[in-house]
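S.K.:
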Amino acid sequence: MKGYAGRVLRINLTKKEIKIEALSEEMARRYLGGVGFGARILYNEVPAKADPLGPDNKLIITPGAFVASGLPTMSKTALNFKSPLTGGYGRAMVGAYLGEELKKAGYDSIIIEGKSEKPCYILIEDDKVEIRDASELWGMLTTETHKKLQEMHGKVRTGVIGPAGEKLSKISEIDFEERQAARGGGGAVMGSKNLKAIAVKGTKEIEYYNKSHLRELIIKWGKILKDHPATEADVKYGSGEFYEWVNKERGTFPALNWKYSYMPVYDNLKEGEKSHLDPYYWAPKYTVKNRPCPHCTKPCGRYLKITDGKYAGTEVEGIEYEILYSLGGDLGIDDIGAVAKMNKLCDEYGLDAISAGVTLAWAMECYEKGLLTKEDTGGLDLRFGNDDAAVKAIEMMGKREGKLGELLFNGSKEASEKLGKDSWKYAIHIKGLELPAYDIRGLKGVALAFSVSTRGGCHLTGGAYGVELTGGWWKIKGVDRTKAEWKGFEIKTLEDLMAIYDATGACKFSRHMFFIEAFPEMFKAVTGWDISEEELWVTGERIYNITKMFNIREGFSRKDDHLPWKVSNAPIVAGPSKGLYVSEEELNRMLDEYYLTRGWSREGVPTKAKLSQVGLKDLAEESFAAEI
């Protein structure tokens, strides 16, 4: 089978067993790789109602189908697990060198199961796979762990957890050499297995169907990406290059725990002045060098060093658009040095920086409303804009230190349940997963996409924000972000397409450069398959339906496709989107339309007919699949 190793590595930490299993061509063609393999294996092997932090949960690591092929921006590896944060389907994507190394070692996927009695790490060097003692590594920060593993084993590629994952924070992430698989609590899944790290070194060659054709496609798409108008801004300023536009022109940048939909600093800036969160201000000033993901020809990642102010000396990989929001605007902080410091703390302790920042913003609002006191915060004056308090609070979260660190350690949903009172109204999450950097009161299609996403509040499951912000993309045109009508087909289409991106390993920042039309030719060169656009569409829909069925089996229903209280009850107070919000009536209308478009029941359950239609006849036989 060309383009694949044809092997799956299964590691049982309880039994200390290591097995190699065959990957069938049928599995490869039906699910492609990445989230396709992960979702299918997760559904098959993790029993219903399994404890996400118990030995029955599994961590499934799968590079996308085109990872290591040399095709530009094909860098993403998928991690699938039952999420400790949401209790449902868990997915985290990362542009990791470990994924490429894994394929070169001769594996299309790793399935990690069981639980080690003592701290351990996994070492993979081609056909040599070992479970080793990690007592020396336990307690280390993420960069320390990576450095130590390279001292011990040479140039291995790593995925490691920090102290937050070891202590089972439900918002902990897995760090891949300063690239993070952050969302959903994957770090806690590793921690629950006493698994500190995975280190991989691969030296094998992958056999492709047509190397010369593949080389031509690498050159062709490299040039297309290089010449695209969006590339220059992405390379110079990173993923936050549209920060000012989203604030000033669209008014959809959440600030101060969603009190505002733009940074209030814009009310006072003089002509020509920039917010200090704007990459046009800080990127030229602090960028040391660009840091691309594997085989990326438009590197938006960068390495920063803050050279002035009280945070001088802080060095970090980043800072992404989402972090400008979660550790900046949402906390009312317009200081890039403070954001860099908190970003670094999240990375080192192993916290999802989106969830950590949004959870802290919830705490700030509770403090300002008198629901939290200085006794609760360990003496911190937790006002919006107080960067000293924010930096200390993030450190306390990472360490699980004090009453505040304990309260915030598992995210805003659990924190609001512990605190009680009216604090739940200020928690910005869906299904337990904190929301990213788009004020969905002013982006109604994105509101639908967030509410129905099977992993919780997520901007990348559907990738609808670009369509909604600009009014169109690819073959979808005439979109009105302020209206709730005709969103079902838009979101369903985007979700199916993004499933293909996550199965192939394609970076979603290149979705303006190539669309689904590009993939058949790539599959031909890599695998020799004559795979059509139509087949790919069905594959994307198949993958998405599996993730939905996983959640239905766990007891999820229509009520879980919800929106935060503020989104439905607190209209935007000022700016370009003033007055917008998403009423319960609008959400229900969009849900009806979306479920109908998906071929699901009114309660949001995939029907037996739809499951059969997309080649999931075994799932159609499940007792909880809908009849109509």
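Heads up: the sequence shown runs through residues 1154 to 1781, numbered per this note's numbering.
Glycine is no exception: its CB is placed at the ideal position from the N, C-alpha and C atoms.
Predicted model, so just to flag it, every value in this text is computed and none were measured.
(1) Assign ARG1455 to one of three DSSP states: helix, strand, or coil.
(2) On the DSSP letters alone, give me the boundaries of the alpha helix (DSSP H) that MET1743 sits inside.
(3) Terminal residues of the continuous beta strand (DSSP E) containing GLU1468?
(4) Out of GLY1189, SER1730, LYS1412 and GLY1610, state which residue places its alpha-carbon closest to the alpha-carbon of ALA1723.
(5) Do you know offhand how far ALA1491's Cα is from ALA1175's?
(6) Do ASP1483 and ALA1408 have their CB atoms nearer than 8 Å?
(7) Under the rule that 16 or more other beta-carbon atoms within 10 Å means buried, what is GLU1468, buried or exposed?
(8) Give a yes or no on contact between the region 1450–1466 and the region 1572–1585, applying the rule of three or more CB pairs nearer than 8 Å.
(9) Between which two residues does the alpha helix (DSSP H) containing GLU1686 stretch?
(10) Do HIS1665 and HIS1381 have their C-beta atoms closer together than 8 Å?
(11) Should the region 1660–1678 be regarded as contacting the region 1552–1572, the criterion being three or more beta carbon pairs within less than 8 Å?
(12) Run the CB neighbour count on TRP1515, radius 10 Å, all protein chains shown included, and call it buried at 16 or more, exposed below.
(13) Would you say LEU1525 and LEU1561 are within 8 Å of each other, going by their C-beta atoms?
(14) By a C-beta neighbour count over all protein chains shown, 10 Å radius and 16 as the cutoff for buried, is PHE1190 buried or exposed?
(15) Hey, ALA1203 and ASN1233 are a contact pair by Cβ (cut 8 Å); roughly how many whole angstroms apart?
(16) Identify the continuous alpha helix (DSSP H) that holds ARG1183 and give its terminal residues.
(17) For TRP1626, which residues of its own chain have a beta-carbon under 6 Å away from its beta-carbon, when the five flanking residues on both sides are left out?
(18) Where does VAL1199 land, buried or exposed, given buried means 16+ other C-beta within 10 angstroms?
(19) Unbroken alpha helix (DSSP H) runs of length 4 or more, entirely within the region 1593–1626: which are they?
(20) Can you name, in chain order, every residue of its own chain whose Cβ lies under 6 Å from the Cβ of LEU1647, other than the five neighbours on each side?
(21) Are the CB atoms of SER1325 and GLY1503 within a distance shorter than 8 Å?
(22) Tell me, to the nearest whole angstrom, how far the beta carbon of LEU1588 is from that of PRO1717; I am working on the premise that it is less than 8 Å.
(23) Taking the alpha carbon of VAL1399 as the point to measure from, which residue in GLY1425, PRO1432 and ILE1372 has its own alpha carbon closest?
(24) To the nearest angstrom, how far is it from the Cα of ASP1771 to the Cα of ALA1779?
(25) For the structure I just gave you, are there three or more beta carbon pairs, one from the region 1261–1274 and one from the region 1346–1366, closer than 8 Å?
(26) Going by DSSP in three states, LYS1349 sits in which element: helix, strand or coil?
M.R.: Walking through what the data contain:
(1) strand
(2) 1737–1751
(3) 1468–1470
(4) LYS1412
(5) 49 Å
(6) yes
(7) exposed
(8) no
(9) 1686–1706
(10) yes
(11) no
(12) buried
(13) no
(14) buried
(15) Their Cβ separation, rounded to whole angstroms, is 14 Å, which puts ALA1203 and ASN1233 out of contact at 8 Å.
(16) 1178–1184
(17) GLY1619 and VAL1620
(18) buried
(19) 1597–1605 and 1618–1623
(20) GLY1615, GLY1616 and ALA1617
(21) yes
(22) 7 Å
(23) PRO1432
(24) 14 Å
(25) yes
(26) strand
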